[in-house]
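Residue 148 in our numbering is what sits at position 148 of the sequence shown, and the numbering runs on without skipping anything. Only one structure is covered here, and it is reproduced in the block below.
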Amino acid sequence: MIRPIYLYGKEVLREVAQNVDIADKDAVSALVADLKDTLVVADGCGLAAPQIGVSSRVVIVDGTELVDTYPELKDFRRTLINPEVTEESPVKCVYSEGCLSVPGVYADVTRPKAITVRYYDESLQLVEERFEGFACRMVQHELDHLDGKLFVDKVAPIRKKIISKKLLLISKGLVSTSYKTK
Ligand code: NI
């Protein structure tokens, strides 16, 4: 089911999400299906459950649309359920980020270059995977959503000043998007 995407300013985006009950397979797969349906329509590369108003620790990433810029993302699609970061590289890197909950805003964000995450995949198997490059960036951005954090919290102060007016407009719903929002 396609769900509206909650915009910057909504409380659910600031909550620390709860782990899902892995034993409740139907509920988990229904949530994953909603995230996928919603992401396709919104034409994004990642979505976290809080962005559709569900405060649960489930995210999806899909890099396949970015293949022209990042060829290594050709088949990169993941569903991460109850993810836990087990390792972070001390080396950091910068990428420009955007977010479906913060439409029209893009900014450079510094984060660890590589991370290792333990999570349940879509078939509810526990896996541990190391992410690098832009794939890693996508995953980190989505995982932040589960802790009530948004990429705009992490931009340099000078840049934040510039985007603050845009953020105010978004929080008042004064923004147009090609997808349904709330
Ligand atoms: Ni986001």
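Every residue, glycine too, gets a C-beta built ideally from N, C-alpha and C.
Distance check between Tyr119 and each of Glu132, Arg130, Gln140 and Glu84 places Glu84 closest, using alpha-carbon atoms only. The C-beta of Pro71 has fewer than 16 other C-beta atoms within 10 Å across all chains shown, which makes the residue exposed. Pairing Pro4 with Lys182 gives a Cβ-Cβ distance under 8 Å. According to DSSP, Lys92 shares a beta bridge with Pro112. DSSP, read as helix, strand or coil, puts Val12 in helix. The segment 125-156 contains, as complete alpha helix (DSSP H) runs of 4+ residues, the segments 133-146 (chain order). Not one heavy atom of the ligand NI is found less than 7 Å from the C-beta of Cys45. A direct Cα-to-Cα measurement between Leu146 and Tyr8 gives close to 14 Å.
DSSP, reduced to helix, strand and coil, places Ile81 within a strand of the structure shown.
Per the DSSP secondary-structure output, Tyr6 pairs with nothing in a beta bridge. Val40 carries a helical assignment under DSSP once its states are collapsed to helix, strand and coil. Taking Gly44 as the centre and dropping the five residues before and after it, the same chain places the C-beta of Leu100 closer than 7 Å to its C-beta, in chain order. Exposed is the label assigned to Met1, since fewer than 16 other Cβ atoms lie within 10 Å of its Cβ. Placement of the Cβ of Ser96 at a distance of 7 Å or more from every heavy atom of the ligand NI is found.
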